[in-house]
Each structure stands twice: as C-alpha cells, then as structure tokens.
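These notes concern the structure reproduced below.
There are 2 protein chains.
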Amino acid sequence: MKKSQSSQASAASQTLRHFGEDRLIAELMRGAPLGKNVIAGAGDDCAVIGRRADREWLLLKTDCVIEGIHFEKSADPRRIGWKALARAMSDIAAMGGLPRHALVTIAASPDDSVARLKAIYSGLKKCAARFSTGIVGGETARSPDALFVAITLTGFVEKNRCVLRSGGRAGDAVFVTGRLGGSIRGRHLDFAPRVFEARWLTENFRVRAMMDLSDGLGSDLPRLARASRCGFEIFEKKLPLNTRCTSENALADGEDYELLFTIAPRDADSLEKTWRKKFPRLPLTRIGALTRSHQPSTINHQLFPSGHDHFA
Amino acid sequence: MKKSQSSQASAASQTLRHFGEDRLIAELMRGAPLGKNVIAGAGDDCAVIGRRADREWLLLKTDCVIEGIHFEKSADPRRIGWKALARAMSDIAAMGGLPRHALVTIAASPDDSVARLKAIYSGLKKCAARFSTGIVGGETARSPDALFVAITLTGFVEKNRCVLRSGGRAGDAVFVTGRLGGSIRGRHLDFAPRVFEARWLTENFRVRAMMDLSDGLGSDLPRLARASRCGFEIFEKKLPLNTRCTSENALADGEDYELLFTIAPRDADSLEKTWRKKFPRLPLTRIGALTRSHQPSTINHQLFPSGHDHFA
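Residue numbers (this note's numbering), protein chains in the order written: chain A, -13 to 298; chain B, -13 to 298.
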C-alpha cells in the first residue's frame, strides 16, 4: 500500500478529537467545486467573490454559536445574539470590508420560550444597527436539545482595500489591536468587532495580511504566516495582556476578536503615531515580525504554544 | 392594559411549541434593520438584494439540517450532505434563480468520525457539482450532541425573471410539480431541487408567484395566498399523490421540495402542453386557483388542514 493511501485510510477511521481542525477542513474541501468568480475561497476569514475588473467585491461569511460550547445556557440572551452576529462581523472586518446583510437561523427546543428568542434577536438587531447591517432573513428550526444560532453575513470591500491572509512578506511588522487573553470572563459575549478600525487601516495604510483573532494568537498567527509562506518571531514581553492574564492566556485562550495584521516595517512608526490620535483608547501593539519561512518561528526562542482547537 | 400589550406579554411567556412558526418569525423580525438595496427580505424563500436598475439581483439563503430532526443518526451521510444543500437550492429555484456559491458550517461531536464528515461533504460536493455551484467556505464547530449542517447559499436571478410569493392574483391557476406526500419514506434525503424546471418556467412563461413546498401544501399554499392577498380553492381529487399516499399526506407531510406556482389562467393550457414535451417524466398538475381574499379558502368545501409546524 502506498503511503498516501495508508494515511488516508487511517484518517478516515479517526475521530475529530484527534484530527486537527485545519487538516479536517483541508480534507473536507478537497475536490470541492469552486465555482466562478472566486477571489478567495475556504481558508481565509471570508470568501471573496468578484471579477478582477470589478471595483467592489462581495464578501461571504457563515458562522454559528452553540449553547454549551460558545455560551452557557444561563447567558443573557441579548449578549448571545450580539455575539453571534459580532463574530461574523469580525471576519468581514478582517478582510477590510463593511458588513451589509445578515440572515439568521435559530434552532431551539420547543420548550424554549418566545421571550428568550426575542431577547436573542434584540441583541442581533442591536449589533446589526450599530454596524449599519440589514437583517434580511430569518429561519427557525427545532433543535433536539442545545440552542444554536447560525449567521450568514455578506459584506463588500473595494478591490484595492481587500486584505487576505496571504499577502504578508518576510520582514513585515506584526501588529495586534486591543489586549489579549481572558475573554471567557465575559468579553467574548460583548466584544466590539473592529469594523471601523479595519476600515481606517485599509484607507490609510497598505495592510499586507490581516485576520481576526478567534482561536488565540498561538493558533492564528501560524495560520497567517503559513498563508503568507513566512515564519514569524514574537516578542513575548510585548504581548498586550488583559488584566490578570499571562502570555499563555494571550496565546491560547482565544475569542479575542482583535485584528492581527502586518505592514511594511517602514510604515510602522507612522502607523503607531496616527493610530494613537485616531483611537486613543484602543491599544495597537507591534508584537513581532514575519520572517523567512526557513527560519524557525519563535517567541523569544521558546517553542510556540498553540491556541484553541475546537475538537481537542 | 391595551389589548396589544396584553397579547404581547402573554406571547413572551409562551413556549415555541404553542406559538406558531410564522407568527414567531414576524415577532422576531419586528423592528429589525433592513439595510440598503433590499428587494425582498425575510418572508420569501430567499432574500433578494439589488437595485431596481440592476440587470441581475443577488439571492441569499440560509438553512440547516439537524440530526434527530431532519435526518436520523443512522442516515447515509452522503444523503445528509445532499439534502442539506439541495434544500437551499430548492429555495433559490423558487425565486426563478440559479445557485452560485455555498458555504458550509458543520457542528459535530468530537467523537464523530472523520469518515462521516467526509461522506457528508461527498454528498454536498455531488449536489454542488450537479448544479454548477461552488463551495467557497467551510467552518467546523464542536456540537455538544446532535450533528448539524448549516448552509449559506447565494444565487442570482435576472430582474425580469425574479418571482416572489406576493405576485399572485385572484383567478390565477395554481400548479404543482411532481407528486406530493410520503417524503419521509426516503425521498426527503435525495430529492432533486427543481432548479432547471424553474428556470425553464421563468424563461417561457410569466410566473406570477412561486415558492417551494417544504412544510406541506397545507401550510405553504396559505402562505403564498396570504403574501398575494388572495384566497384559494383546491380540487382535492386533482392532488398528485405519491404511491400509498392520501390527500392528507399531500397536504401535511411536508418535505416535498416541489414547486408551487401561479400563472394567468389564459397561459395554463399552453403551459401544460409545452411542459409535457419538455419534462415528460415529471408531472405538472393544475390543482386549483387563487380567489379573492374575502372568499373562504377551500378544498372542496372542507376546512383546509394545515401542514407541518416545526415546533408543534
């Protein structure tokens, strides 16, 4: 038996717990039809649809939150609604785009109350209104147990402001917005997606690669670097930490929903100066650099701890 | 206390089981921001996005299937994947449109096998390829228990071929494709969404109102009639029944995924004749007519039994 066949056979008999999420998506998407006019498909924060000649491109995102996984049963339902939509907006922001239209699917138990669903929608509407987004479709389904909310979100981005994960170059300065770690203490339910900040960035600077931090810097930075065919180095002491957080929290907790991006090193000083004037209350931190891919990726020469894997 | 306040208060304390799905969606969507360039929002088979001056409009659909609700745990996973995408395609077809790009979110237990997810994707890819649709995004999430598959599907439709539910007029002939009832015996997992049939219809006839039959004629025809501000009458003996099905099955079973549409009565004969030549193996049946809204809606003067409510 050839090696490739043997690894395929063993892959098929494995459970998700031991497989690894990125590898799973790659396996699942293999051989999938891509369709026409696809600028970026699975593997970036959003799908990007358009023709090279278009001035604007369509962004597509789907995402879901599930009771017991992304929120506790006892969570304030308005915050559940906010979180469900804000997560998808964070991905639209990470492409440099603006959100436009949302569709919502809620699956709930027949014994759930109308009041709870109305409160979830109240959070959804608040988030939609805050970011000038329409809610243009709603579906309900019966769930056997856990409540879940699935979101479809469209957006648009001007072709010359669309930022993929893959545009980073060796030597680029790596930045993050905000502070990292400890989101589980509550911020994961009412974070502000960095839509306005990302729009300002792509209007004023040539952002080369960008993504949002959902699984933790320890998972997400390697993804960005890999997409850009680079390595990276991180200055551990520079990591902007939330109160009572260690750098381990910053790397592995996940759900920060901050922007991670790279720009040319010559633009870094100018960015830091103008950012402080524009967003005085939101830190922007240069945490490291992209390196050539054959150099080992490091945080101060320690092995890089990985972030959150959904099935582990 | 005013009547509207009192009914609102009692609504909030109710469970979904006793509330009614259409009323629930209406309650949830109340006050939702609609956004720009929305031709049709929640309440039709798809959202329709565009400007009046555009030649083509964007169609948006979200939908999901859940283990234990829409399929049994033991169901062939390839058929689960096919069904998940085909349901959304059926809604794109019901607008007169063609599907374009799909995104998939699968939530599964960590103890689920990679093989099962790959087989689900195999069904998704088969359906996508059959209808020239790209799969441009895949997300995975952990589910506490039941597996679910959420689909986002985009499509497009030429402005002059877009069919809403609301365009029917009193006197219109009402048609359905295929045969109704008994889908639970297996057809609900591998039905063919009527994409090509709907495209042929909108190319060759002025279809006034259309939707797909997902909850059963008994629920769906009243929805179409209400959206068109009409009543209806149905000739019960004309209902095209699947083998071993009664008219009760045809009205209430649901999951037929056939097209329900209306055209001007003067076009009906010509439609029936040309349809038989074009689609000799798929029945097309004139089952009744739209009536003026103040006339009682009837099936041969019986009260109209309702179809499937997801929470009842």
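Quick reminder that beta carbons are idealized off the backbone N, C-alpha and C, glycines included.
Remember, it's a predicted structure, so these values are computed and weren't measured experimentally.
Residue i at chain B interface by Cβ criterion, 8 Å
i	result
A:Thr284	no
A:Ser60	no
A:His87	yes
A:Ala28	yes
A:Ser129	yes
A:Tyr107	yes
A:Val100	yes
A:Ser233	no
A:Leu10	yes
A:Glu219	no
A:Asp198	no
A:Ile121	yes
A:Pro179	no
A:Asp206	no
A:Leu257	no
A:Lys264	no
A:Ser223	Here residue 223 of chain A is Lys; the residue named in the question, Ser, does not match the sequence. Chain B, which has no Cβ nearer than 8 Å to the Cβ of A:Lys223, makes this no.
A:Glu144	no
Min CB distance residue i to chain A below 8 Å
i	result
B:Arg151	no
B:Thr248	no
B:Gly164	no
B:Ile66	no
B:Ser301	Because chain B is modelled from -13 through 298, residue 301 of chain B falls outside the range shown and cannot be assessed.
B:Ala115	yes
B:Glu241	no
B:Val24	yes
B:Ile170	no
B:Pro63	no
B:Glu13	yes
For residue i: DSSP bridge partner residues
i	result
A:Lys47	A:Leu139
B:Ile35	B:Val24 and B:Leu44
B:Val160	B:Thr248 and B:Gly274
A:Ala195	A:Thr248
B:Ser99	A:Thr1
B:Gly217	B:Thr277
A:Phe57	A:Glu53
A:Thr284	A:Glu219
B:Asp317	Missing from the structure shown is residue 317 of chain B; chain B here goes from -13 to 298 and no further.
A:Asp201	Paired residues: none, contrary to the question.
A:Phe134	A:Ile52 and A:Ala93
Residue i: first and last residue of the uninterrupted beta strand (DSSP E) it sits in
i	result
A:Arg86	Leu84 to Ala94
A:Thr126	Gly120 to Arg128
A:Glu234	No beta strand (DSSP E) holds A:Glu234; the alpha helix (DSSP H) holding it covers Ser233 to Ala238.
Residue i to residue j span [Cα, whole Å]
i	j	result
B:Ser283	A:Ile92	32 Å
B:Gln281	B:Gly217	6 Å
A:Ala178	A:Glu244	9 Å
A:Leu139	B:His174	28 Å
A:Ala114	B:Ala28	15 Å
A:Arg128	A:Pro96	7 Å
B:Ala275	B:Met15	31 Å
B:Ser108	A:Gly157	41 Å
A:Thr248	B:Asn235	60 Å
A:Asp62	A:His56	13 Å
A:Glu258	A:Leu237	23 Å
B:Val24	B:Ala211	22 Å
A:Ala250	A:Gly124	43 Å
B:Ala(-5)	A:Arg64	The pLDDT assigned to B:Ala(-5) is 47, lower than 50, so where the model puts this residue is not dependable; a value taken from the coordinates is nonetheless given after this. Straight-line Cα distance between these residues: approximately 18 Å.
Environment of residue i [buried if 16+ CB atoms lie within 10 Å]
i	result
A:Arg278	exposed
A:Asp40	exposed
B:Lys104	buried
A:Arg73	buried
B:Pro266	exposed
A:Asn146	exposed
B:Lys(-11)	Since pLDDT at B:Lys(-11) reaches only 41, below the 50 mark, its modelled position is unreliable, and no value is offered.
A:Arg165	buried
A:His87	buried
A:Gly168	buried
B:Lys111	buried
B:Ile106	buried
B:Phe5	buried
Span of the alpha helix (DSSP H), counted from its first residue to its last, around residue i
i	result
A:Val149	Careful: A:Val149 lies outside any alpha helix (DSSP H) and carries neither H nor E.
A:Met15	Glu7 to Met15
A:Pro63	Pro63 to Ala80
B:Ser169	No alpha helix (DSSP H) contains B:Ser169, which DSSP labels as neither H nor E.
B:Arg185	Val181 to Asn190
Worksheet item: Mind listing which residues of the region 42 to 60 of chain A have their C-beta closer than 9 Å to chain E's C-betas, in chain order?
Response: Looking at the structure shown, chain E is missing, and the protein chains on hand are A and B.
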